[in-house]
Amino acid sequence: MATSCQPRLRSSHRLSFGPSLLILSRVVAALLCVLVPAVTSLAPKPKQELCDLSRGAWMRSPRRFPRYTTVAGRPSTCPFVRSSYACERNNRPDLRYREYRWQPFDCPISYFSPSGFRFLMRNRRMLLVGDSMMSNLFEALLCSISSAGYDGQPFKRKTKGEWSIKGVRFPAFSFSLEYYFSPYIVRASRRSIRNGVTGKGGHGFDVYVDEMDPVLEHVMTNYSTVVFHSGVWWLQNVPRRTVPNLFFAGGTQRNLTNIAAHTWALSTVRSFVKKIDYSGVPFFLSFSPKHAGAGETQPGVEGSGGGAWVGACGAHVPASSTFVHSRYSDSLDTAEEYAAAQKSVFQGSPVRFLDVTGISALRPDAHLGVWWHSRDQSGPNSPQEQGELPFSGDCTHWCLPGVPDMWVDVMYTHMILEPSLF
Numbered sequence: 016m017a018t019s020c021q022p023r024l025r026s027s028h029r030l031s032f033g034p035s036l037l038i039l040s041r042v043v044a045a046l047l048c049v050l051v052p053a054v055t056s057l058a059p060k061p062k063q064e065l066c067d068l069s070r071g072a073w074m075r076s077p078r079r080f081p082r083y084t085t086v087a088g089r090p091s092t093c094p095f096v097r098s099s100y101a102c103e104r105n106n107r108p109d110l111r112y113r114e115y116r117w118q119p120f121d122c123p124i125s126y127f128s129p130s131g132f133r134f135l136m137r138n139r140r141m142l143l144v145g146d147s148m149m150s151n152l153f154e155a156l157l158c159s160i161s162s163a164g165y166d167g168q169p170f171k172r173k174t175k176g177e178w179s180i181k182g183v184r185f186p187a188f189s190f191s192l193e194y195y196f197s198p199y200i201v202r203a204s205r206r207s208i209r210n211g212v213t214g215k216g217g218h219g220f221d222v223y224v225d226e227m228d229p230v231l232e233h234v235m236t237n238y239s240t241v242v243f244h245s246g247v248w249w250l251q252n253v254p255r256r257t258v259p260n261l262f263f264a265g266g267t268q269r270n271l272t273n274i275a276a277h278t279w280a281l282s283t284v285r286s287f288v289k290k291i292d293y294s295g296v297p298f299f300l301s302f303s304p305k306h307a308g309a310g311e312t313q314p315g316v317e318g319s320g321g322g323a324w325v326g327a328c329g330a331h332v333p334a335s336s337t338f339v340h341s342r343y344s345d346s347l348d349t350a351e352e353y354a355a356a357q358k359s360v361f362q363g364s365p366v367r368f369l370d371v372t373g374i375s376a377l378r379p380d381a382h383l384g385v386w387w388h389s390r391d392q393s394g395p396n397s398p399q400e401q402g403e404l405p406f407s408g409d410c411t412h413w414c415l416p417g418v419p420d421m422w423v424d425v426m427y428t429h430m431i432l433e434p435s436l437f
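Now the structure itself:
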């Protein structure tokens, strides 16, 4: 307070000092008031406590969002979004899904700032590792960066594994963002089987839950930040999989449930981060929920009983927790079970847990739906004629711009609260 900076002199002291000493004492006191806080501000600040960002609500904010567009010819067009994620470019008619922001109940969230990100990540490399849900985050982050006008240079780097590392360099601040497709994060090899009677083939994976993906094991220390994600590939109902996975540890096949194997694999990731004494900043993005079930087979407005096409996967606006848990109970129960296991594994570890499961669960409206490819708005492919929705709708991945932009904000908030790590 200002009053604490005034010299407190008794009347007897004023008489004994004389006018010149009295003035000098006040000058010294004033200088101390200026210098002491300034010196104190230079001292290391303790880490700010991060509140629970997962508790909140979706608020429509058309002036702030979307940050970018996928439609060509506009000033904010992002060149990095694949065609299957570009729902607006694919003629999706309802576009309000792009305009929502996440607002936590108990604290503010730091919405992504390209200049702030540039300050933190100058001369650095970031790697995103995981399944195709991580590609949603990869492209959302690329678009958030490029929305400030930063030009990116795409590249691809071969690895000794099945998949390459692809990325984009931003010369303006010597930063590269890279993505490596590794759906299990641990070592896995494809196993194909052909039925001798029907002639039909299928494939599963041999997953070694106690061994890191060899490519990741080799390259991880080259990056200052690594973001992990794994989830949907651990489920048996992954599209096009007709052969169950087999799980191995110590070179021996183990009889494990999917979630037990997943938990073991994440423990391997946690141990590996500790083993190599990773000096960078590791994150883990939690399970991304799908909205399968009634939302796909009988699309309709919340509370309307379904039947009319109004959005991607049975909704055209964010839904309440009560609604999504009643309508998509099976898929959301699975997502929450996996997210809880993920959070438990990384509790108390250097890996920062990005809890986006509950946030995303409230957005059945923001999936690709049938808009993963271009659709006419008249004729047999019109919204009123989407009888094939259960067969062609994608209620797992997300439109861009959309929900993954909020994943970017959650990660950015963690970064802002711990800037000393970067």
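Terminal number for the sequence shown in the numbering used here: 437, no gaps in between. Don't be surprised by glycine CBs; every beta carbon is placed ideally from N, CA and C. Please read all numbers here as calculations on a predicted model, not as lab measurements.
- Contact check for K290 against S346 fails: the beta carbons are separated by 8 Å or more.
- Per the coordinates, the alpha-carbon of V183 lies some 28 Å from the alpha-carbon of C410.
- F196 is bridged by DSSP to G145.
- DSSP links L436 through a beta bridge to no other residue.
- Of the residues assessed, D348 falls on the exposed side of the cut-off, its CB having fewer than 16 other CB atoms within 10 angstroms.
- It is roughly 7 Å from the alpha-carbon of H412 to the alpha-carbon of M148.
- Counting of Cβ neighbours within 10 angstroms places E352 among the exposed residues, the total staying below 16.
- Residues of the same chain with a CB within less than 6 Å of the CB of K173, apart from the 5 flanking positions on each side, are S179 in chain order.
- Residue R367 holds the alpha-carbon nearest to the alpha-carbon of V242 among R367, R107, Y115.
- For the set E232, L231, A203, the Cα lying nearest the Cα of D221 is the one of A203.
- Contact holds between the stretch 124 to 141 and the stretch 188 to 201, because three or more Cβ pairs, one in each stretch, are under 8 Å apart.
- For Q362, the three-state secondary structure derived from DSSP is coil.
- Non-local C-beta neighbours of F196 in its own chain, meaning closer than 6 Å and more than five positions away in sequence, comprise W178, ordered along the chain.
- Relative to P259, the option among F127, P379, T267, L250 whose CA is nearest is L250.
- A distance below 6 Å between beta-carbons, with the five flanking residues on each side excluded, links M74 to the following residues of its chain, in chain order: R116, Q118.
- Residue burial is scored here from C-beta neighbours: G265 has fewer than 16 other C-beta atoms within 10 angstroms and is therefore classed as exposed.
- Two segments are said to touch when three or more pairs of C-beta atoms, one from each, lie closer than 8 Å; by this definition the stretch 328 to 344 does not touch the stretch 271 to 291.
- The Cβ atoms of G363 and Y112 lie no closer than 8 Å to each other.
- Remark: C-beta atoms of S301 and Q357 approach each other more closely than 8 Å.
- With 16 or more neighbouring CB atoms inside 10 Å of its own CB, H244 falls in the buried class.
- Membership of H412 in the beta strand (DSSP E) is indicated by the continuous run 409 to 413.
- Sixteen is the threshold: when 16 or more other Cβ atoms of the shown chains lie within 10 Å of the Cβ of G408, as they do, the residue is buried.
- For F298, the enclosing beta strand (DSSP E) starts and ends at 296 to 300.
- As a beta-bridge residue in DSSP terms, V241 pairs with L142, P297.
- In the displayed model, T267 falls within a strand according to three-state DSSP.
- DSSP places I180 in the strand class (E or B) of the three-state scheme.
- Pairwise C-beta distances place the stretch 152 to 171 in contact with the stretch 126 to 134, as three or more of them are shorter than 8 Å.
- A distance below 8 Å between beta-carbons, with the five flanking residues on each side excluded, links A276 to the following residues of its chain, in chain order: V222, V224, W249, N260, F262, R269.
- If you compare the alpha carbons of S294, P198, G295 with that of V247, the shortest gap goes to P198.
- Using a Cβ distance threshold of 8 Å, A72 and D420 do not count as a contacting pair.
- D121 and V284 have their alpha carbons spaced roughly 31 Å apart.
- Between the beta-carbon of Y100 and that of L415 there is about 4 Å, and that keeps the pair under the 8 Å contact cut.
- In this structure, L143 sits away from L157, with a CB-CB distance that is not shorter than 8 Å.
- Between L68 and T428, the gap from beta carbon to beta carbon is short of 8 Å.
- K175 has its alpha-carbon roughly 30 Å from the corresponding atom of T272.
- H340 and D424 have their C-alpha atoms some 25 Å from each other.
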